[in-house]
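Chemist:
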Amino acid sequence: MISSTPDEISNAYARIQSTFTSGKTRPLAWRRQQLVQIGKLVQENEEMLLSAISVDLGKPRVEVMVADMGPVVSFVVEALEKLEEWAAPESVDDVPAWQASWAPRGERRRRRRWIRRSRGS
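Taking my numbering, the leading residue of the sequence shown gets 15, the next gets one more, and so forth.
Right, here's the structure in full:
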């Protein structure tokens with residue numbers, strides 16, 4: 015079994031957080047490429063994953079394939095098909111002021127201005 019130290023986990027988290035805050039994950043092309051890579055990873059390592067999950071969870075290999083690995087590939091295909099739809103901006107009739115703080119910093123100002131304009135303030 016491979017274990018990670020707390021420092022390794024912290025470093026991995028910092029790298030992931032840095033990638034996200036850099037904006038690298040925003041373009042659909044980047045997201046599409048990541049989804050394709052997940053699908054490839056599962057398909058190219060099918061035998062190893064089947065064995066590992068089967069041993070770890072004590073499940074028959076067929077169950078692992080149907081219940082654990084198959085859905086991953088299906089979800090990847092669905093996400094690739096619907097990526098643009100899911101990423102499209104949505105218009106919102108009214109955003110409660112308390113919820114405006116949930117947006118990323120740059121969007122908070124835009125939302126507050128939008129809320130004031132929509133209320134005629």
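Backbone N, C-alpha and C fix where the C-beta goes; we use that ideal spot for every residue, glycine too.
This structure is a prediction, so every number in the text was calculated from the model and none was measured.
Are the stretch 104-116 and the stretch 73-89 in contact at 8 Å, needing three or more beta carbon pairs?
Modeler: The stretch 104-116 is not in contact with the stretch 73-89.
Chemist: Starting from tryptophan 44 and walking both ways along the alpha helix (DSSP H), at which residues does that stretch end?
Modeler: Residue 44 sits at position 30 when you count from the first residue of the sequence shown. Unbroken alpha helix (DSSP H) run through tryptophan 44: 42-58.
Chemist: Would you please state the rounded distance, in angstroms, between the beta carbons of methionine 83 and leucine 64? I believe it to be under 8 Å.
Modeler: As a first step, residue 83 must be located in the sequence shown, where it is residue number 69. As a first step, residue 64 must be located in the sequence shown, where it is residue number 50. About 7 Å; that satisfies the 8 Å criterion.
Chemist: Hey, how far is the Cα of arginine 40 from the Cα of lysine 73?
Modeler: Walking along the sequence shown from the start, residue 40 turns up at place 26. Walking along the sequence shown from the start, residue 73 turns up at place 59. Using only the alpha carbons, I get a separation of about 38 Å.
Chemist: Would glutamine 139 and valine 87 qualify as a contact pair, given that the criterion is a beta-carbon distance under 9 Å?
Modeler: Only positions 15 to 135 of the chain appear in this structure, which leaves residue 139 out of reach.
Chemist: Throw me the rounded Cβ distance for the alanine 101 and leucine 42 pair, which I believe falls under 8 Å.
Modeler: Counting from 1 along the sequence shown, the entry for residue 101 is found at position 87. Counting from 1 along the sequence shown, the entry for residue 42 is found at position 28. Rounded, the Cβ-Cβ distance is 6 Å, consistent with contact.
Chemist: In terms of residue numbering, what span does the alpha helix (DSSP H) encompassing threonine 33 cover?
Modeler: The residue given as residue 33 occupies position 19 in the sequence shown. Here the alpha helix (DSSP H) through threonine 33 covers 20-35.
Chemist: Which residues mark the beginning and the end of the alpha helix (DSSP H) in which alanine 93 is found?
Modeler: Numbered from its first residue, the sequence shown carries residue 93 at position 79. Alanine 93 -> alpha helix (DSSP H) spans 84-101.
Chemist: Per DSSP, what kind of secondary structure is isoleucine 16 in: helix, strand or coil?
Modeler: Your numbering for residue 16 matches position 2 in the sequence shown. It is coil, neither helix nor strand.
Chemist: If you compare alpha carbons, which of Trp44, Ser24, Ser18, Gln31 is closest to leucine 94?
Modeler: In the sequence shown, the residue the question calls residue 94 occupies position 80. Of the listed residues, the one whose Cα sits closest to leucine 94 is Trp44.
Chemist: Grab the span of the alpha helix (DSSP H) containing tryptophan 112 for me, first residue to last.
Modeler: The count along the sequence shown starts at 1 and reaches residue 112 at position 98. Segment 111-114, the alpha helix (DSSP H) holding tryptophan 112.
Chemist: Does the beta-carbon of valine 91 have 16 or more other beta-carbons within 10 angstroms, so that it is buried, or is it exposed?
Modeler: Numbered from its first residue, the sequence shown carries residue 91 at position 77. By the neighbour-count rule (16 or more Cβ atoms within 10 Å), valine 91 is not buried but exposed.
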